[in-house]
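In what follows, a structure is listed as structure tokens, so that the remarks can point back to it.
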Amino acid sequence: MVEPNTDFMMPNVNFFGPGVIKKIGDRAKLLGMKKPLIVTEKFLRNMENGPVKQTEASLKASGVDYIFYDNVEPNPKVRNVEEGKKIYLDSGCDSIISVGGGSSHDCAKGIGIVLTNGDDITKLAGIDTLKNPLPPLLAVNTTAGTASEITRHDVITNEETKLKFVVISWRNVPLVSFNDPLLMLDVPKGMTAATGMDALTHCVESYVSTHRNDITDGQAIQGIKLICKYLPQAYADGHNVEARTKMAEASLLAGMAFNNADLGYVHAMAHQLGGQYDAPHGECCASLMPTVEKWNIISAPERFADIARFMGEDVDGLNVWDAAQKAIDALERISKQVGIRTVKELGAKPEDFDLLATNALKDGNAGSNPRKGNKQDIIDLFTEAYN
Ligand code: NAD
82 MVEPNTDFMM PNVNFFGPGV IKKIGDRAKL LGMKKPLIVT EKFLRNMENG PVKQTEASLK
142 ASGVDYIFYD NVEPNPKVRN VEEGKKIYLD SGCDSIISVG GGSSHDCAKG IGIVLTNGDD
202 ITKLAGIDTL KNPLPPLLAV NTTAGTASEI TRHDVITNEE TKLKFVVISW RNVPLVSFND
262 PLLMLDVPKG MTAATGMDAL THCVESYVST HRNDITDGQA IQGIKLICKY LPQAYADGHN
322 VEARTKMAEA SLLAGMAFNN ADLGYVHAMA HQLGGQYDAP HGECCASLMP TVEKWNIISA
382 PERFADIARF MGEDVDGLNV WDAAQKAIDA LERISKQVGI RTVKELGAKP EDFDLLATNA
442 LKDGNAGSNP RKGNKQDIID LFTEAYN
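Quick note: the sequence shown uses this note's numbering, first residue 82, plus one each step.
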């Protein structure tokens with residue numbers, strides 16, 4: 082049954098386009114930031130004229146001082162959040178700037194959360210658990226994928242349980258975000274593919290989610306069209322500015338769609354692969370998507386026929402079932418074009434599928450999947466994707 086979300090959430094302010102990173106210093110000053118903590122990774126911090134250096138240049142030009150936490154790991158861990166909080170407090174910071182992809186933004190949100198909502202972030206998993214606002218947070222985005230720079234989600238990995246958990250709250254949405262495609266030109270091929278396929282998963286899962294509405298449909302449709310056209314081009318030539326710009330737009334559209342329509346079993350299952358094997362999130366999603374969506378077809382065949390059309394498939398004259406199958410063929414094709422690895426290649430082990438399936442059904446994304454399954458169904462989906 083479709084039960085649309087009616088609270089529609091948009092980004093606070095998003096600066097978009099080539100060169101917008103130059104505005105961050107003025108924005109930080111305007112917001113009264115005296116000493117922000119820049120949350121990022123060492124690799125990005127050291128990149129010559131990379132996103133961090135450009136952020137620093139703009140902050141310096143505006144006379145804004147800053148401190149670094151540069152130890153963010155992929156699939157950020159609870160320990161990253163705690164380390165960042167300590168540096169923030171020890172250095173007398175008053176605000177946060179994340180620079181990077183979803184891992185940096187989520188770590189920064191996590192630091193903000195524990196600063197104002199209690200020490201143990203694992204206890205805050207769930208929806209609307211945050212009672213207090215986070216310190217002012219700006220997000221400089223450098224991957225066209227997660228859209229964490231505008232979402233209310235914060236995905237953190239508990240390294241002890243090997244589980245990813247999500248803190249969902251409108252308080253997590255950064256005050257200002259920056260999507261400058263020129264910062265994305267040097268994202269490596271594999272990561273371009275993984276992050277782009279994450280954005281495609283956001284669109285597809287939003288379009289068939291039981292929480293969808295007409296607004297999220299519009300965003301998901303345009304996102305699917307842009308990604309199918311421009312992801313192969315961005316993968317083929319990372320310095321194609323038009324392709325990078327269109328992928329950044331698509332990622333934003335996809336983020337707005339799932340921020341409101343929610344997701345489904347692909348994400349619920351992908352979080353288990355990411356938590357258990359520390360595999361790249363976008364590839365976890367992409368490696369599962371064709372199998373899960375094929376299984377989902379009976380819940381909404383006309384929606385999958387639509388997706389095939391948006392992906393550029395010729396479905397004229399086909400019955401709805403054959404047209405829906407074309408969407409799965411197209412998902413498999415684009416995954417192959419951009420070199421997505423299989424669930425097996427990502428390191429999954431069949432003996433873990435029982436546990437992964439149990440935890441996937443508890444994941445916050447499972448509730449809006451259009452077809453409802455039991456543990457054995459999820460084990461079968463992991464097994465089919467593995468084989
Ligand atoms: P990421 O942030 O982990 O970055 C992946 C890699 O790309 C890193 O090695 C990084 O160094 C490199 N990289 C990033 N930007 C670069 C650039 N401009 N140039 C060169 N290299 C660059 O990857 P991601 O896919 O953006 O984020 C994944 C995380 O986000 C996962 O933990 C996932 O669960 C989470 N996520 C969060 C949300 C949300 O709404 N909060 C949504 C989806 C996924």
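Heads up, the beta-carbon is just placed ideally off N, CA and C, and yes, glycines get one too.
>> Under 8 Å, with one C-beta from each stretch per pair, do the stretch 354–364 and the stretch 322–337 reach the 3-pair mark?
In response: no
> CB of F124 to nearest heavy atom of the ligand NAD: below 7 Å?
Replying inline: Counting from one through the sequence shown, the residue named residue 124 turns up at place 43. Yes - the ligand NAD has a heavy atom lying nearer than 7 Å to the Cβ of F124.
> Which residue comes first and which comes last in the beta strand (DSSP E) that contains V322?
Replying inline: As a first step, residue 322 is located in the sequence shown; it is residue number 241 there, counting from the start. Not the beta strand (DSSP E): V322 falls in the alpha helix (DSSP H), residues 322–342.
> Can you give the beta carbon distance from H186 to E286, rounded, assuming they're within the 8 Å contact cut?
Replying inline: Within the sequence shown, residue 186 is the residue found at index 105, counting from 1. Within the sequence shown, residue 286 is the residue found at index 205, counting from 1. About 20 Å separates the two Cβ atoms, so there is no contact after all.
> Pairing CB atoms from the stretch 373–384 with CB atoms from the stretch 237–252, are three or more of them under 8 Å?
Replying inline: no
>> Quick check on DSSP: helix, strand or coil for H161?
In response: Here residue 161 refers to the residue found at position 80 when the sequence shown is read from its first residue. Correcting the residue identity first, residue 161 is Asn in this sequence and not His. N161: helix per DSSP, three-state reduction.
> Taking the C-alpha atoms as reference points, what is the distance between G193 and K204?
Replying inline: Counted from its first residue, the sequence shown places residue 193 at position 112. Counted from its first residue, the sequence shown places residue 204 at position 123. So the alpha carbons of these two residues sit roughly 15 Å apart.
> Cβ of H292 within 7 Å of any heavy atom in the ligand NAD?
Replying inline: Taking the first residue of the sequence shown as position 1, residue 292 is located at position 211. Outside the cutoff, so no.
> What's the C-alpha gap between Q406 and I460?
Replying inline: In the sequence shown, counting from the first residue as 1, residue 406 sits at position 325. In the sequence shown, counting from the first residue as 1, residue 460 sits at position 379. Computed Cα separation, rounded: 22 Å.
> Considering only residues of the same chain and omitting the five flanking positions on each side of F96, which have a CB-CB separation below 6 Å?
Replying inline: Position 15 of the sequence shown, counted from the start, is the residue given in the question as residue 96. Once the five neighbours on either side are set aside, the close Cβ partners of F96 are K104, F259.
> For C309 versus G182, is the C-beta distance shorter than 8 Å?
Replying inline: The residue given as residue 309 occupies position 228 in the sequence shown. The residue given as residue 182 occupies position 101 in the sequence shown. No, Cβ-Cβ distance for C309 and G182 is not below 8 Å.
> Measuring from the CB of T223, is there a heavy atom of the ligand NAD at a distance below 7 Å?
Replying inline: Within the sequence shown, residue 223 is the residue found at index 142, counting from 1. T223: yes, Cβ under 7 Å from the ligand NAD.
>> Does the contact criterion of 3 or more C-beta pairs under 8 Å hold for the stretch 129–137 versus the stretch 282–300?
In response: no
> Should V236 and R384 be called a contact, given that it needs their Cβ atoms to be closer than 8 Å?
Replying inline: For this step, residue 236 is matched to residue 155 along the sequence shown. For this step, residue 384 is matched to residue 303 along the sequence shown. Going by C-beta atoms, V236 is not nearer than 8 Å to R384.
>> Quick check on G183 - is its C-beta less than 8 Å from some C-beta in chain C?
In response: Included in the structure is just one protein chain, with no chain C present.
>> Does the contact criterion of 3 or more C-beta pairs under 8 Å hold for the stretch 169–178 versus the stretch 269–279?
In response: Touching, no.
> Nearest CA to the CA of K110: which residue from G226, L412, Y150, L218?
Replying inline: As a working note, residue 110 is residue 29 in the sequence shown. When G226, L412, Y150, L218 are compared, the shortest CA-CA separation from K110 is found for L218.
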